[in-house]
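S.K.: One structure follows; several queries about it will come next.
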Amino acid sequence: MTDQKLGQRAAENLKAIRAKKPLIHNITNYVVMNYTANALLACGASPVMAHAPEEVEEMVSFAGALVLNIGTLTKAWVDAMLIAGKKANKLNVPIVLDPVGSGATRLRTESAKQLINELSVSVIRGNASEVLSLAREGSRTKGVDSIHSVEEAENAALVLAKELNTTLAITGPIDLITDGERIFRVLNGHELMGFVTGTGCTATALIGAFLSVDRDPVSATATALAYFGLAGEIGAAVSKGPGSFQIALLDALFGMDEKILSNGAKIEV
Amino acid sequence: MTDQKLGQRAAENLKAIRAKKPLIHNITNYVVMNYTANALLACGASPVMAHAPEEVEEMVSFAGALVLNIGTLTKAWVDAMLIAGKKANKLNVPIVLDPVGSGATRLRTESAKQLINELSVSVIRGNASEVLSLAREGSRTKGVDSIHSVEEAENAALVLAKELNTTLAITGPIDLITDGERIFRVLNGHELMGFVTGTGCTATALIGAFLSVDRDPVSATATALAYFGLAGEIGAAVSKGPGSFQIALLDALFGMDEKILSNGAKIEV
Amino acid sequence: MTDQKLGQRAAENLKAIRAKKPLIHNITNYVVMNYTANALLACGASPVMAHAPEEVEEMVSFAGALVLNIGTLTKAWVDAMLIAGKKANKLNVPIVLDPVGSGATRLRTESAKQLINELSVSVIRGNASEVLSLAREGSRTKGVDSIHSVEEAENAALVLAKELNTTLAITGPIDLITDGERIFRVLNGHELMGFVTGTGCTATALIGAFLSVDRDPVSATATALAYFGLAGEIGAAVSKGPGSFQIALLDALFGMDEKILSNGAKIEV
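Chains as they are written, first to last, in the numbering used here: chain A, 1 to 269; chain B, 270 to 538; chain C, 539 to 807.
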């Protein structure tokens, strides 16, 4: 698929979300709950946050996607994620995982690996060290500390995606998306995104919304990240700092013209 | 009471809140805590969030109102709501309940009903399906699925308010408030309010603030919703999307001129 | 140290934070997590929120400071604060405590005192009633109710800081900082700060960032509060109310010119 076709795909996906208003079920961290919900609303989706073990199965059964995020995890929350995730798998509701801080503490690394081992996860999004920390023992993937170039990171992600049988998105100045076969790169974005807490988590939630209307995880992820990155570019143009940017980003997600998205998405295959 | 008198009542209530700065005790959901607190501050009230079972009785004893919201409930949080609510009833501190998601999952419906059964709640605010899900078995109220017109919804609310012996507020493009005898309608508001998470929860918290200075639940609720809706209209006029609207709404709540509120409140009796 | 030298110190501290990007580990309340994280990012630091008992020791070992805040406490959270705090003490990671609501409920007063008794805390920041509620039985400090002038409050803080062997910051229109020997006053700030939830908590977190680069608790605290207060002045100048102020404050923290800070910091010794 060429860049241009993926731009069209981004616009089609956004249009479908705005038409269908899919319920996106989030079990996410306290820091980003409000911003994530607002970004999903701005995108056209219907967010819900629910983590009680007694209700997550029921809630996920109405959902177009399940977003799991371990940002302020405790064991009880991870247990709720497992209950919701197993039900999602049974119902073919796609799951996207954000392994916030995996690699930094044992609890986070082990919790992320447990979720991956016990659930079938469509997409995992994180930064390079988070994603590469997910390699199992005996993985042919180099650890993040022995990676010294973009090429090495791409190769590691390719190997890991195949081993984990999922789609990986490593986001940064350039986003890398791979399912172990295809590699897509998204060039949209703005450096102010690094100064607003939870932009990564928000990207993950938007991937959930795009997965609910596009069942190819690679194109759903790439188009979601292009949409989010382009909104970042548009928002940054009218911002004076990270405070006003955070607000302008929501306005840009909401106001995104589908034609502008189709033309402005920079996705390399 | 005529429309004009209710406009004056809205202005008087706002003035009283600004003068007394009542403490509003919230046991609410994670998503909206920050925005709710900021809206209460903008209104002139003093918000506090406290949910530990060891302290809720003490905290509510200082409060002008107790706001209960089941948005990201767990059983432990509902238990804390019951403890706080029983103390509030003993002290005649008015309670307002937001049954977020009641009707969607069993846990939410049952928790909302338990709160209503065990506490004396002054006002319940939600959308039509949340509120109408609260009917007890054997209720003469039609279920929300069998309601096909505004008239039917109003009749259902009237019957239910009488059965539950409380004031119900069903918010939407037009807000309906009834205690089973009187029906008030509030016409203020703006469609952007539906694109900011927690505007409903914020309305509920503002009803709490108004209840702390106006012990007629119907007029407290109607005037709070008119104030909030009018602030929404004022905020929307200077907004580019839901991000900037969310901010402009706080500015408008804070800056609301009491005369403008008196004239701009659209409350039909 | 003169006022001018402290202005320079404020600028140096900010410059050091922007260069080193210290990790600031927060165990804080739900209401302010998002805003606190955004303020720390705007300042140049790297915030992390983590409260699981299994990971707080590991997380704090990477940190430049530990911020403890009891705003929406439960016993489980206080336990996590104690685990993290003991590790921080072992590693000489400075701790700053925000005793939100101490004096209002027994749980808060006792939890704050327990943290102070079991941990070595570098700085405690609160309003006058919160800070003065921390006096132990038999303290020579007057209770807050018997304090009728600024002089009496300053004397009480001086005595209490010596008794608790820590640095106290009582913030308000004028901020008072004392370690029982020295007294600094910070005159920067704006009244709109009182209409945004969590500005106190944010001040506490920024003190953490400044402590990570300035091991004199008195100058770290005074320079952090001058930086925050000056950003408040700058933000207020372009705001229409507390909504836009909250955003402009983040922009001002981010965009603060170090020379402007050096000249604009109003710290009296």
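Even glycine gets a Cβ: it sits at the ideal position worked out from N, Cα and C.
No experiment lies behind these values; they were computed from the predicted model shown.
1) Terminal residues of the continuous beta strand (DSSP E) containing residue 72 (chain A)?
2) With burial defined as no fewer than 16 other Cβ atoms inside 10 Å of the residue's Cβ, what is the status of residue 813 (chain C): buried or exposed?
3) Output, in sequence order along the chain, the residues in the segment 310-339 of chain B whose CB is closer than 8 angstroms to any CB in chain C.
4) My understanding is that residue 781 (chain C) touches residue 518 (chain B), with C-beta atoms under 8 angstroms, so please give their C-beta distance in whole angstroms.
5) With 7 angstroms as the threshold, decide whether the Cβ of residue 733 (chain C) is near any Cβ in chain A.
6) Which residues in the same chain have their Cβ closer than 7 angstroms to the Cβ of residue 328 (chain B), if we skip the five residues on either side of it in sequence?
7) Express the C-alpha separation of residue 280 (chain B) and residue 790 (chain C) in angstroms, rounding to a whole number.
8) By the criterion of Cβ-Cβ separation under 8 angstroms, what are the contact partners of residue 299 (chain B) in chain C?
9) In angstroms with no decimal places, state the Cα-to-Cα distance between residue 421 (chain B) and residue 489 (chain B).
10) Can you list, in chain order, the residues of its chain with a C-beta nearer than 6 angstroms to that of residue 678 (chain C)? Leave out the 5 residues immediately preceding and following it.
11) With H, G and I counted as helix, E and B as strand and the rest as coil, what does DSSP make of residue 596 (chain C)?
12) If you follow the alpha helix (DSSP H) that residue 208 (chain A) is part of, which residue opens it and which one closes it?
13) Taking contact to mean at least 3 C-beta pairs separated by less than 8 angstroms, is the segment 201-215 of chain A in contact with the segment 60-69 of chain A?
14) Can residue 792 (chain C) and residue 730 (chain C) be called in contact, C-beta distance under 7 angstroms?
15) What's the C-alpha gap between residue 715 (chain C) and residue 574 (chain C)?
16) Is DSSP giving residue 134 (chain A) helix, strand or coil here?
17) State the beta-bridge partners of residue 318 (chain B) as determined by DSSP.
18) In whole angstroms, give me the CA-to-CA distance for residue 396 (chain B) and residue 440 (chain B).
19) Flag this pair as yes or no: are the beta carbons of residue 809 (chain C) and residue 669 (chain C) separated by less than 7 angstroms?
20) As a quick exercise: from B:463, B:498 and B:430, pick the residue whose alpha carbon is nearest that of residue 476 (chain B).
21) Could you name the residues of the same chain whose beta carbon sits closer than 7 angstroms to that of residue 474 (chain B), not counting the 5 residues immediately before and after it, in chain order?
22) Do residue 323 (chain B) and residue 645 (chain C) count as a contact pair if the criterion is CB distance below 7 angstroms?
23) May I ask you to list the residues that DSSP assigns as paired with residue 68 (chain A)?
24) Let me make sure I understand the geometry here. Which of B:387, B:273, B:282 and B:291 has the alpha-carbon closest to that of residue 525 (chain B)?
25) Do you know how far the Cα of residue 608 (chain C) is from the Cα of residue 647 (chain C)?
26) On the three-state DSSP scale, how would you describe residue 764 (chain C)?
27) Please confirm whether residue 95 (chain A) and residue 78 (chain A) have their CB atoms less than 7 angstroms apart.
28) Which residues in the same chain have their Cβ closer than 7 angstroms to the Cβ of residue 464 (chain B), if we skip the five residues on either side of it in sequence?
29) Short of 7 angstroms in beta carbon distance, which residues of its chain neighbour residue 111 (chain A), apart from the five on each side in sequence? Order them along the chain.
30) Please report how far the alpha carbon of residue 403 (chain B) lies from the alpha carbon of residue 571 (chain C), in whole angstroms.
31) CB-CB under 8 angstroms to residue 286 (chain B), same chain, minus the five flanking residues each way: which ones, in chain order?
32) Under 6 angstroms Cβ to Cβ from residue 579 (chain B), same chain only, skipping five residues before and after it: list those, please.
33) Does residue 645 (chain C) have its Cβ less than 7 angstroms from a Cβ in chain B?
34) Residues in its own chain within less than 7 angstroms of residue 156 (chain A) by CB, not counting five upstream and five downstream?
35) Rounded to whole angstroms, what is the Cα-Cα separation between residue 557 (chain C) and residue 764 (chain C)?
36) Anything in chain A within Cβ reach of residue 785 (chain C), meaning under 7 angstroms, just list it in chain order.
M.R.: Let me spell this out:
1) Position 72 of the first sequence, counted from the start, is the residue given in the question as residue 72 (chain A). Unbroken run through residue 72 (chain A): none, as it is neither H nor E.
2) The requested residue 813 (chain C) does not occur in the structure, where chain C is confined to residues 539 to 807.
3) 310, 311, 316, 317, 318, 319, 320, 321, 323, 324, 327, 328 and 331
4) Taking the third sequence and counting its residues from 1, one reaches residue 781 (chain C) at position 243. Taking the second sequence and counting its residues from 1, one reaches residue 518 (chain B) at position 249. Confirmed, about 7 angstroms.
5) Within the third sequence, the letter at position 195 stands for residue 733 (chain C). Cβ-Cβ to chain A under 7 angstroms: no for residue 733 (chain C).
6) For the purposes of this step, residue 328 (chain B) is taken as residue 59 along the second sequence, with counting starting at 1. So the qualifying residues of the chain are 294, 317 and 319.
7) For the purposes of this step, residue 790 (chain C) is taken as the residue at position 252 of the third sequence. For the purposes of this step, residue 280 (chain B) is taken as the residue at position 11 of the second sequence. C-alpha separation (whole angstroms): 35 angstroms.
8) As a first step, residue 299 (chain B) is located in the second sequence; it is residue number 30 there, counting from the start. Ordered by position in chain C, the residues that pass the 8 angstroms Cβ test against residue 299 (chain B) are 568.
9) Locating residue 421 (chain B) in the second sequence gives position 152, counting from the first residue. Locating residue 489 (chain B) in the second sequence gives position 220, counting from the first residue. Distance between the alpha carbons of residue 421 (chain B) and residue 489 (chain B): 25 angstroms.
10) Residue mapping note: residue 678 (chain C) aligns to position 140 of the third sequence, counting from 1. Hits under 6 angstroms: 697.
11) Position 58 of the third sequence holds residue 596 (chain C). Looking at residue 596 (chain C) - three-state DSSP - the assignment turns out to be helix.
12) Your numbering for residue 208 (chain A) matches position 208 in the first sequence. Per DSSP, residue 208 (chain A) belongs to the alpha helix (DSSP H) from 199-211.
13) yes
14) By one-based count along the third sequence, residue 792 (chain C) stands at place 254. By one-based count along the third sequence, residue 730 (chain C) stands at place 192. Their beta carbons are not under 7 angstroms apart, which means residue 792 (chain C) does not touch residue 730 (chain C) by this criterion.
15) Translated into positions along the third sequence, residue 715 (chain C) becomes position 177. Translated into positions along the third sequence, residue 574 (chain C) becomes position 36. So the alpha carbons of these two residues sit roughly 21 angstroms apart.
16) By one-based count along the first sequence, residue 134 (chain A) stands at place 134. The answer is coil: DSSP assigns residue 134 (chain A) none of H, G, I, E or B.
17) Counting from one through the second sequence, the residue named residue 318 (chain B) turns up at place 49. Beta-bridge pairing links residue 318 (chain B) to B:295.
18) The residue given as residue 396 (chain B) occupies position 127 in the second sequence. The residue given as residue 440 (chain B) occupies position 171 in the second sequence. Taking the straight line joining both Cα atoms gives about 5 angstroms.
19) There is no way to answer for residue 809 (chain C), as the model of chain C reaches only from 539 to 807.
20) As a working mapping, residue 476 (chain B) is identified with position 207 in the second sequence. Closest by alpha carbon: B:498.
21) Locating residue 474 (chain B) in the second sequence gives position 205, where the first residue counts as 1. Here the set comprises 293, 295, 305, 308, 309 and 336.
22) Looking up residue 645 (chain C) in the third sequence gives position 107. Looking up residue 323 (chain B) in the second sequence gives position 54. For residue 645 (chain C) and residue 323 (chain B), yes; Cβs fall inside 7 angstroms.
23) The count along the first sequence starts at 1 and reaches residue 68 (chain A) at position 68. Answer is A:27 and A:97, bridged to residue 68 (chain A).
24) Counting from 1 along the second sequence, the entry for residue 525 (chain B) is found at position 256. Nearest of B:387, B:273, B:282 and B:291 to residue 525 (chain B), Cα basis: B:282.
25) Indexing the third sequence from 1 puts residue 647 (chain C) at position 109. Indexing the third sequence from 1 puts residue 608 (chain C) at position 70. Computed Cα separation, rounded: 10 angstroms.
26) Position 226 of the third sequence, counted from the start, is the residue given in the question as residue 764 (chain C). Correct three-state label for residue 764 (chain C): helix.
27) Counting from 1 along the first sequence, the entry for residue 95 (chain A) is found at position 95. Counting from 1 along the first sequence, the entry for residue 78 (chain A) is found at position 78. Going by C-beta atoms, residue 95 (chain A) is not nearer than 7 angstroms to residue 78 (chain A).
28) Position 195 of the second sequence holds residue 464 (chain B). Taken in chain order, the residues that qualify are 511.
29) Counting from one through the first sequence, the residue named residue 111 (chain A) turns up at place 111. Closer than 7 angstroms at the Cβ level, and outside the excluded window around residue 111 (chain A), lie 70, 73 and 78.
30) Indexing the second sequence from 1 puts residue 403 (chain B) at position 134. Indexing the third sequence from 1 puts residue 571 (chain C) at position 33. Straight-line Cα distance between these residues: approximately 33 angstroms.
31) The sequence position of residue 286 (chain B) within the second sequence is 17, counting from 1. Taken in chain order, the residues that qualify are 312, 313, 314, 478, 479, 481 and 482.
32) No statement about residue 579 (chain B) is possible, as the shown extent of chain B runs from 270 to 538 and does not include it.
33) To locate residue 645 (chain C), count along the third sequence from 1; it is residue 107. Chain B contact via Cβ: present.
34) What you label residue 156 (chain A) is simply residue 156 of the first sequence in a count that begins at 1. Within the same chain, residue 156 (chain A) has close Cβ partners 132, 141, 142 and 147.
35) Counting from 1 along the third sequence, the entry for residue 557 (chain C) is found at position 19. Counting from 1 along the third sequence, the entry for residue 764 (chain C) is found at position 226. Distance between the alpha carbons of residue 557 (chain C) and residue 764 (chain C) is about 20 angstroms.
36) The residue you call residue 785 (chain C) lines up with position 247 of the third sequence. What residue 785 (chain C) touches in chain A: 243, 244 and 247.
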